[in-house]
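K.L.:
In the working numbering, the protein residues as written are 15 to 257.
(1) Please go through the same chain and pick out, in chain order, the residues whose beta-carbon is closer than 6 Å to the beta-carbon of residue 144, but skip the five residues on each side of it.
(2) Would you identify the three-state DSSP class for residue 218, choosing helix, strand or coil?
(3) Should residue 171 be labelled buried (16 or more other beta-carbon atoms within 10 Å of its own) or exposed?
(4) According to DSSP, simplified to helix, strand and coil, what is residue 316?
(5) Rounded to the nearest angstrom, how far is the Cβ of residue 177 from that of residue 206, given a contact under 8 Å?
(6) By Cβ distance below 7 Å, which residues in the same chain neighbour residue 221 in space, the five residues on each side in sequence not counted?
(7) In terms of alpha-carbon separation, which member of 31, 48, 64 and 58 lies closest to residue 20?
(8) Thinking just about the alpha-carbon of each residue, which of 200, 132, 185 and 40 is nearest to the one in residue 141?
(9) Among residues of its own chain, excluding the 5 on either side of residue 256, which ones have a beta-carbon nearer than 6 Å to its beta-carbon?
(10) If you drop the 5 nearest sequence neighbours on each side, which residues of the same chain put their C-beta closer than 7 Å to that of residue 97?
(11) Could you name the residues that DSSP lists as bridge partners for residue 145?
(12) Could you check where the beta strand (DSSP E) with residue 64 kicks off and where it finishes?
(13) Which residues in the same chain as residue 164 place their Cβ atom closer than 6 Å to its Cβ, once the five residues preceding and following it in sequence are excluded?
(14) What does a CB cutoff of less than 7 Å around residue 48 pick up in its chain, not counting 5 residues either side in sequence?
(15) Could you say if the stretch 99-112 and the stretch 187-201 meet the contact criterion of at least three C-beta pairs nearer than 8 Å?
(16) Quick one: what's residue 51 bridged to in DSSP?
(17) Figure out for me which residue from 101, 68 and 116 has the closest Cα to the Cα of residue 86.
(18) Rounded to a whole number of angstroms, what is the C-alpha to C-alpha distance between residue 89 and residue 157?
(19) Return yes when the Cβ of residue 135 is within less than 8 Å of the Cβ of residue 192, no when it is not.
(20) To which residues does DSSP link residue 106 through a beta bridge?
(21) Tell whether a beta-carbon distance below 8 Å holds between residue 208 and residue 35.
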């Protein structure tokens, strides 16, 4: 069994340790004897959804995000949007999350168009949200991460939140939600990197990817002692700082 992981704009959008998400997916699959291929899809390169089982899209600085937004207009963005509709697992963090939506609205200038795969809109905010985040989800347990964003994202009717914020500010600091879910796609503001501290989410993505290509899949259990210690440590620190 094999797994093909595509990293969208790995050179242009790779801040706050997002590389660790790809590394976690690769290692957790390899530890189970799964052959893994991982590669980046960059500016000016075509996106063939049939070449990948799972996609990751991280965050970037403003200049890079503008370039990526332009690169995603046309066939490339349409291909990604259709892949999401077809159930491809996608994890998008921060800038990638915003560009999966309809648009990002800056203080000055024109809206930065997204691909419209998620019914969300984002806008520049005056306050920067920085710190540990604890999120309670319906089926993925408690997720932890680190937020560092001033953009504010608002969900439309076509998506549901990833979870409710227990500690932190989340999507916009107003509605108490973090992230968005649609089919097998997750967008969020959780850096950290996210997946090394949240093995349940990493395995969920791997399982969805394997099932979509190979049929029903059940992952063998791993010893996640250290991952759980890191996860629980974030929760303890976040709650202590909130007091």
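Cβ coordinates follow ideal geometry from the N, Cα and C atoms, glycine included.
Fair warning: this is a prediction, and the values are worked out from it, not measured in the lab.
P.N.:
Concretely, from the data shown:
(1) Counted from its first residue, the chain shown places residue 144 at position 130. The residues are 162.
(2) By one-based count along the chain shown, residue 218 stands at place 204. Looking at residue 218 - three-state DSSP - the assignment turns out to be helix.
(3) The sequence position of residue 171 within the chain shown is 157, counting from 1. Residue 171 should be labelled exposed.
(4) Nothing can be reported for residue 316: it is not among the residues displayed for the chain, which extend from 15 to 257.
(5) In the chain shown, counting from the first residue as 1, residue 177 sits at position 163. In the chain shown, counting from the first residue as 1, residue 206 sits at position 192. Incorrect: roughly 15 Å between the Cβ atoms, too far for contact.
(6) In the chain shown, counting from the first residue as 1, residue 221 sits at position 207. Hits under 7 Å: 231 and 233.
(7) Here the question's residue 20 lines up with position 6 in the chain shown. Closest option to residue 20, Cα to Cα, is 64.
(8) If you number the chain shown from 1, residue 141 lands on position 127. The residue with the shortest Cα to Cα distance from residue 141 is 185.
(9) Within the chain shown, residue 256 is the residue found at index 242, counting from 1. Hits under 6 Å: 181.
(10) One-based indexing of the chain shown puts residue 97 at position 83. Answer for residue 97: 63, listed in chain order.
(11) For the purposes of this step, residue 145 is taken as the residue at position 131 of the chain shown. Note: residue 145 sits in a beta bridge opposite 161.
(12) Taking the chain shown and counting its residues from 1, the one referred to as residue 64 is at position 50. Careful: residue 64 lies outside any beta strand (DSSP E) and carries neither H nor E.
(13) Numbered from 1 along the chain shown, position 150 holds the residue referred to as residue 164. Correct list, in chain order: 139 and 142.
(14) The sequence position of residue 48 within the chain shown is 34, counting from 1. Taken in chain order, the residues that qualify are 15, 16 and 17.
(15) yes
(16) Translated into the one-based positions of the chain shown, residue 51 becomes position 37. Per DSSP, 18.
(17) In the chain shown, residue 86 corresponds to position 72, counting from 1. Of the listed residues, the one whose Cα sits closest to residue 86 is 116.
(18) In the chain shown, the residue the question calls residue 89 occupies position 75. In the chain shown, the residue the question calls residue 157 occupies position 143. Computed Cα separation, rounded: 34 Å.
(19) Taking the first residue of the chain shown as position 1, residue 192 is located at position 178. Taking the first residue of the chain shown as position 1, residue 135 is located at position 121. No, Cβ-Cβ distance for residue 192 and residue 135 is not below 8 Å.
(20) Here residue 106 refers to the residue found at position 92 of the chain shown. Answer by DSSP bridge pairing, in chain order: 71 and 201.
(21) Along the chain shown, read from residue 1 onward, the residue named residue 208 stands at position 194. Along the chain shown, read from residue 1 onward, the residue named residue 35 stands at position 21. In this structure, residue 35 lies closer than 8 Å to residue 208 by Cβ.
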